[in-house]
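Trainee:
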Amino acid sequence: MNSAQSFAFFLVVLFASSTQRKQTNCISFFLSCSRYLSAAYSNTPSALIPASIITLLMGAVFAYYFLLMGRICKMTYTTTYREAWDATVGERGSSLIALTTVLMAGLGNLAYSMILADTSRSLIMAAGIGITRTGSLVLVTVFALLPLCLAKNLAVLAPFSLVGMGAMIFTLVVMGVRYYDGTYDATRGGKFLEDLSDDLKPSFGNIGARGALSPNVLLLVCMTFQAFFAHYNAPRYYMELKNNTVQRFSGVVSSSFSISAVFYIIMTAFGFLTFGSHSNGFILNNYSTNDSLAFISRAAIAVAILFTYPLPFIGVRDGILDILMVP
376 MNSAQSFAFF LVVLFASSTQ RKQTNCISFF LSCSRYLSAA YSNTPSALIP ASIITLLMGA
436 VFAYYFLLMG RICKMTYTTT YREAWDATVG ERGSSLIALT TVLMAGLGNL AYSMILADTS
496 RSLIMAAGIG ITRTGSLVLV TVFALLPLCL AKNLAVLAPF SLVGMGAMIF TLVVMGVRYY
556 DGTYDATRGG KFLEDLSDDL KPSFGNIGAR GALSPNVLLL VCMTFQAFFA HYNAPRYYME
616 LKNNTVQRFS GVVSSSFSIS AVFYIIMTAF GFLTFGSHSN GFILNNYSTN DSLAFISRAA
676 IAVAILFTYP LPFIGVRDGI LDILMVP
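Each residue of the sequence shown is one higher than the one before, counting from 376 in this note's numbering.
1. Out of Ala473, Arg467, Val436 and Tyr439, which has the shortest C-alpha to C-alpha gap to Thr454?
2. Output needed for Leu423: all residues of its chain with C-beta closer than 6 Å, excluding positions within five of it in sequence on either side, in chain order.
3. Evaluate contact between the stretch 432 to 450 and the stretch 612 to 632, counting only Cβ atoms and requiring at least three cross-stretch pairs below 8 Å.
4. At which residue ranges does the stretch 503 to 567 contain complete alpha helix (DSSP H) runs of 4 or more residues, listed in the order of the chain?
5. In terms of alpha-carbon separation, which member of Phe638, Tyr607, Ser654 and Asn665 lies closest to Pro685?
6. Rounded to a whole number of angstroms, what is the C-alpha to C-alpha distance between Val596 and Tyr613?
7. Taking the beta carbon of Ile490 as the centre, do at least 16 other beta carbons fall within 10 Å, making it buried, or is it exposed?
8. Does Asn484 pass the burial test, meaning 16 or more other C-beta atoms within 10 Å, or should it be called exposed?
9. For Glu569 and Phe650, I'd like the C-alpha separation in whole angstroms.
10. Could you have a look at Gly694 and say whether DSSP puts it in helix, strand or coil?
11. Which residues in the same chain as Ala566 place their Cβ atom closer than 8 Å to its Cβ, once the five residues preceding and following it in sequence are excluded?
12. Cβ atoms of Val691 and Ala492: under 7 Å apart, would you say?
13. Have a look at Phe670 and Met500 and give me their C-alpha separation to the nearest angstrom.
14. Please name the residue, chosen from Phe441, Ser421 and Pro420, that lies closest to Phe600 on a Cα-to-Cα basis.
15. Going by beta carbon distance, what residues of the same chain come within less than 6 Å of Arg563, once the five residues before and after it are set aside?
16. So, at 7 Å on beta carbons, what are the nonlocal neighbours of Arg496 in its own chain, with the 5 sequence-adjacent residues on each side left out?
17. If you follow the alpha helix (DSSP H) that Leu474 is in, where does it begin and where does it stop?
18. Going by CA-CA distance only, name the one from Val552, Phe604 and Val436 that's closest to Pro687.
19. By alpha-carbon positions, which one of Met433, Val464 and Leu659 ends up nearest to Met550?
20. At which residues does the alpha helix (DSSP H) containing Pro590 begin and terminate?
21. Go to Ser353, then tell me how far its alpha helix (DSSP H) extends in each direction, as first and last residue.
22. How would you call Tyr452, buried or exposed, if buried means at least 16 neighbouring beta carbons within 10 angstroms?
23. With a threshold of 6 Å on Cβ separation, who are the neighbours of Val538 within its own chain once the five nearest residues in sequence on each side are excluded?
24. For Asn661, is the classification buried or exposed, using 16 other Cβ atoms within 10 angstroms of its Cβ as the cut-off for buried?
25. Just list the residues that DSSP pairs Ser578 with in beta bridges.
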């Protein structure tokens with residue numbers, strides 16, 4: 376392995392390690408992107424232009440590094456970050472690399488659990504059953520997450536991932552419907568506005584695209600880092616891909632990251648155009664509890680998280696086995 380390839384692998388690990396340690400997955404970005412946009416630099420619709428450009432650029436960068444990890448595994452005949460590090464850089468520091476992937480994936484699971492605790496409790500209480508946040512999380516973990524996390528490979532989860540994707544598409548459609556029907560717009564009746572507290576009602580100002588020149592735009596950049604980060608599973612994705620040639624892996628990665636970027640931009644637009652600077656960190660909190668479509672969306676989000684939770688968990692499991700050098 377030459378020095379250029381070793382340096383390329385080092386860059387992959389560096390990018391993975393520099394990612395912020397919370398909400399490290401796309402669902403978190405789906406649900407909080409509008410809030411991060413408003414908090415970052417702007418409160419008018421024109422802010423969506425630079426935000427979209429940033430999202431596309433970051434998606435391209437992270438897609439490249441994801442693809443690069445697959446190419447490294449192919450060239451070195453390795454299946455984990457630790458093995459690839461040993462083959463390109465040397466054994467020194469390889470345990471730290473394995474530990475980093477465990478922490479990144481584990482903190483992603485922690486973020487999922489936090490969201491599940493809130494959504495599952497809301498859904499259970501809506502059925503007239505009193506339960507604590509901790510109690511609802513324990514129930515979901517034991518009876519739903521545990522069976523899913525026992526899967527030995529990612530192929531088993533493919534059908535469930537489609538269910539999660541469907542849930543996210545449904546939520547996206549609901550946000551679009553609510554934006555266009557004006558039920559949260561005071562100028563068009565806004566029949567659900569009276570159900571919202573003042574800090575959740577739509578609010579717009581006069582800071583538009585020019586706000587992207589502010590250092591605060593880095594907050595949005597960091598959030599896109601989190602949105603596109605799934606690299607702890609990159610070696611496994613490559614190894615388990617049917618007919619796993621680099622060319623085919625490149626096509627899968629390119630299409631996946633492109634579709635994700637488009638979803639991020641559309642959902643950011645609907646949430647931000649509806650609620651502006653008052654977009655909540657969990658965007659569905661902005662919608663009325665009497666909004667039946669929003670209620671179904673909350674249930675859909677819970678389903679999406681349930682069926683994608685095993686993905687970072689497998690990263691944790693593989694990382695721990697890698698640290699312990701268990702084949």
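Ideal Cβ positions, reconstructed from N, Cα and C, are used throughout, including at glycine.
Mentor: Working from what's here:
1. Between Thr454 and the set Ala473, Arg467, Val436 and Tyr439, the nearest pair of CA atoms involves Ala473.
2. The residues are Ala644.
3. When C-beta atoms of the stretch 432 to 450 are compared with those of the stretch 612 to 632, three or more pairs fall below 8 Å, so the two segments count as touching.
4. 508 to 515, 521 to 524 and 533 to 556, all fully within the stretch 503 to 567.
5. Taking the Cα of Pro685 as reference, the smallest distance to any Cα among Phe638, Tyr607, Ser654 and Asn665 is reached at Tyr607.
6. Taking the straight line joining both Cα atoms gives about 27 Å.
7. With 16 or more other Cβ atoms within 10 Å, it is buried.
8. In this structure Asn484 is buried. Its beta-carbon is surrounded by 16 or more other beta-carbon atoms within 10 angstroms.
9. If you take the alpha carbons of Glu569 and Phe650, they lie about 14 Å apart.
10. In this structure, Gly694 counts as helix in the three-state DSSP scheme.
11. It should be pointed out that residue 566 corresponds to Lys in this sequence rather than to Ala. Cβ contact annotation for Lys566 (same chain, cutoff 8 Å, sequence separation greater than five): Thr558, in chain order.
12. Cβ distance not < 7 Å, so Ala492 and Val691 don't count as in contact.
13. Distance between the alpha carbons of Phe670 and Met500: 12 Å.
14. Closest option to Phe600, Cα to Cα, is Phe441.
15. In chain order, Gly557 place their CB closer than 6 Å to the CB of Arg563, counting only its own chain and leaving out the 5 sequence neighbours on each side.
16. For Arg496, where only same-chain residues beyond five positions count, the Cβ hits under 7 Å are Ile506, Arg508 and Ser511.
17. That run of the alpha helix (DSSP H) goes Ser469 to Ala501.
18. Closest by C-alpha distance to Pro687, out of Val552, Phe604 and Val436, is Phe604.
19. With distances taken between Cα atoms, Met550 lies closest to Leu659.
20. Careful: Pro590 lies outside any alpha helix (DSSP H) and carries neither H nor E.
21. The shown model of the chain, from 376 to 702, leaves out residue 353, and the question about it has no answer.
22. Around the beta carbon of Tyr452, a 10 Å sphere encloses fewer than 16 other beta carbons of the protein chains shown; the residue is thus reported as exposed.
23. Excluding residues up to 5 positions away in sequence, Phe682 lie with their Cβ nearer than 6 Å to the Cβ of Val538 in the same chain.
24. Answer is buried; the Cβ neighbour count reaches 16.
25. Bridge partners of Ser578: Gly651.
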